[in-house]
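Chemist: I have a structure here, written as structure tokens, and I will follow up with some questions on it.
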Amino acid sequence: FVLEPGCPDQVTAAGALHERLVERALAMGGTCTGEHGIGLGKLRFLEEEHPAGVDVMRRIKLTLDPLGILNPGKVLRAGAR
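Each residue of the sequence shown is one higher than the one before, starting from 897 at the first, in this note's numbering.
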């Protein structure tokens, strides 16, 4: 999106449009991502698109990092299901 620097209304509108686009893609059997992978901004969509896969990743992370000290809060949010 092309936004006017320092215009919070445009940032808010762009964020809402982004969410609608991803939700539509998922509703049509598409994906929430492309070649660049998942960032924090699309995490909830990944959880919606691949709940079983995210659960497996979360369990692996818990096994390898039971205290949650390695990269906390990134991609696999603590306690999220």
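Glycine included, each C-beta is placed from N, C-alpha and C at the ideal position. All of these numbers come straight from a predicted model, not from anything done at the bench.
Please classify L960 as buried or exposed, where buried requires at least 16 other C-beta atoms within 10 Å of its C-beta.
Modeler: The sequence position of residue 960 within the sequence shown is 64, counting from 1. When all chains shown are included, L960 counts as exposed.
Chemist: Given 8 angstroms as the limit, is there contact between the segment 940-956 and the segment 920-930, that is, 3 or more CB pairs closer than that?
Modeler: The segment 940-956 is in contact with the segment 920-930.
Chemist: Spatial neighbours of V907 within its chain, please: CB distance less than 8 angstroms, with the 5 preceding and 5 following residues excluded, ordered by chain position.
Modeler: By 1-based counting over the sequence shown, the position of residue 907 is 11. Only L899 meet the Cβ criterion.
Chemist: From C903, P901, T929 and G902, pick the residue whose C-alpha is nearest to that of H914; which is it?
Modeler: Position 18 of the sequence shown, counted from the start, is the residue given in the question as residue 914. Among C903, P901, T929 and G902, the Cα nearest to that of H914 is on T929.
Chemist: By a C-beta neighbour count over all protein chains shown, 10 Å radius and 16 as the cutoff for buried, is V950 buried or exposed?
Modeler: For the purposes of this step, residue 950 is taken as residue 54 along the sequence shown, with counting starting at 1. With 16 or more Cβ atoms within 10 Å of its Cβ, V950 is classed as buried.
Chemist: Kindly list the residues whose CB is nearer than 6 angstroms to the CB of D905, restricted to its own chain and excluding five residues on each side of it in sequence; keep chain order.
Modeler: To locate residue 905, count along the sequence shown from 1; it is residue 9. If we look at D905 and ignore the five residues flanking it on each side, it has no Cβ neighbours.
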